[in-house]
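All residue numbers for the sequence shown refer to numbering that gives the first Met the number 0, where the first residue is 0 and numbers rise by one.
We put the beta carbon where it would ideally sit given N, CA and C, even for glycine.
All of these numbers come straight from a predicted model, not from anything done at the bench.
Everything on this sheet refers to the single structure shown next.
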Amino acid sequence: MPGGIALGYEFHATGVVGFQGVLEELGEDLSSAKSYLGTHGDFGFTGEGILNTFSSAHEDALGRVNSQIDHLHEYFTSTLHQHMGEVLGLYHVQEDGAEEKLRELERTFKADSDRLVRDRDSGATTTEPDTGFPRPAEPGDRLTTPSPDADDVYIQPEPNNVLDHFSVQFVARQMIVMFTDHDDPMDWLGKRFAGDWEAFLACADALDNVASCIRDVADNFIAHVDQLEAAWSGNAYDAFNLALRNIRDQIVDGTVVPIEDLAKNYRDAASSTVQDYLAIEPIMGTVVDAIGTMGFGLVKNTFKLKDFIKEAVEPSLDQAVDIAAGSLAAAETKKVDFTEVELVELREIGGSGSGLMLNDDGLPVVVEQYEQL
């Protein structure tokens, strides 16, 4: 039963069916984000380093992000999608008194309609009505391959003095880099010990990209809600629009921002990992130099092996163990902090016209209010 101006509303079923279609597209965007995170969010066991034991915490953090994406996917493709079917039924009901109930529904939501007008007058972003439902953004374009810049957190330390240029470990490092085109072997070993800061940065980039993708999904969503006005208008639609604007805000505040914060934490963890490495790198170099010198000494047979190990190698190893123990203690605290993420599911919120703007499923209460008339 399409409405007319005399009834105070307009309703055209084909446009509402089109809106259901774009909800499915939003679900596909979210599925792409989840798949992307599965590919680029895992830095593997070697990435965390021997000093760190937070792989389970990392998995838990990504698991919570994935669960939140699933929650939003279900909301768009099932909860709200099915609700739109109920809205279709509401406006096509043939029972006696249905027309008067729809008029009463319009009167019920007058206050919510006035509030939407005020929001729009205050400069809130609004998209023109359009049953073609064009997408203002392409969320999938955000899901690019992470390209972290390790120079943001790590620059290879220079030798402390001119004699360091002639040390065994410095010469060996330079020759390997120069002639094999491989990474500095000390950096490689340091990453295995303290953690791969580049992997941390790549994970942070991936999280940022997922957050940007979901932000685009939220923006597209509310744009499509505005576009729906080409098929459905009136006070009940305005209340529906106002309620879903709140959903958009909830998605940003409860999903996008926490994921962005998590990405920042991973960047901080990359810096912390570098600090762990820089703390042990000189000791690693000392041990390498000691072993190298020991090798030269053995060739020349100028000293006893047992005495050299006791006087040169053991103190270096003891110092390395002490520093490693301190770094491990710091890592135990770090692993708890940087993987924390608090994501918030969609929730009900009060409204002016009907007591509730959104029910506990995050749905506008238009249908519920109609059923109570």
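Query, Result
"Rounded straight-line distance, which links the Cα of Asn-234 to that of Gly-88", "18 Å"
"Residue from Phe-239, Val-273, Leu-261, Glu-341 whose Cα sits closest to the Cα of Asn-358", "Phe-239"
"Of the listed residues Glu-339, Val-16, Asp-215, Asp-360, nearest to Asn-264 (C-alpha basis)", "Glu-339"
"Phe-108 in three-state terms, based on DSSP", "coil"
"Cross-strand partners of Leu-261 (DSSP beta bridge)", "In DSSP, Leu-261 forms no bridge with anything."
"Terminal residues of the alpha helix (DSSP H) in which Ser-30 lies", "12-39"
"Three-state secondary structure (DSSP) of Pro-138", "helix"
"Counted within 10 angstroms of its Cβ, other Cβ atoms place Pro-257 as buried (16 or more) or exposed", "buried"
"Closest Cα partner of Leu-29 within the set Phe-75, Gly-17, Ala-12, Ser-55", "Phe-75"
"Endpoints, the alpha helix (DSSP H) within which Ala-210 is located", "196-226"
"Distance between Gly-62 and Ala-171 (C-alpha atoms, nearest Å)", "Unreliable placement is indicated for Ala-171, whose pLDDT of 48 sits below 50; the coordinate value is still reported in the next sentence. Spanning the two alpha carbons is a distance of roughly 43 Å."
"Nearest-angstrom Cα separation, counted from Asp-207 out to Gly-350", "Its pLDDT being 46, under 50, Gly-350 is placed unreliably in this model, and the coordinates cannot settle the point."
"Rounded straight-line distance, which links the Cα of Phe-199 to that of Asp-118", "41 Å"
"Backbone secondary structure at Glu-341 - three-state DSSP", "coil"
"Burial state of His-72 (16 or more Cβ within 10 Å)", "buried"
"Three-state secondary structure (DSSP) of Leu-362", "coil"
"Top-ranked residue by Cα proximity to Ala-203, from Thr-125, Asp-148, Val-366", "Asp-148"
"Length of the line joining the Cα atoms of Leu-261 and Gly-40", "12 Å"
"Own chain residues within Cβ distance below 7 Å of Phe-220, not counting five before or after", "Leu-25, Arg-247"
"First through last residue of the alpha helix (DSSP H) which encompasses Glu-127", "Glu-127 -> no alpha helix (DSSP H), and no H or E assigned at all."
"Neighbour-count burial assignment, Gln-81, 16 or more Cβ in a 10 Å radius", "exposed"
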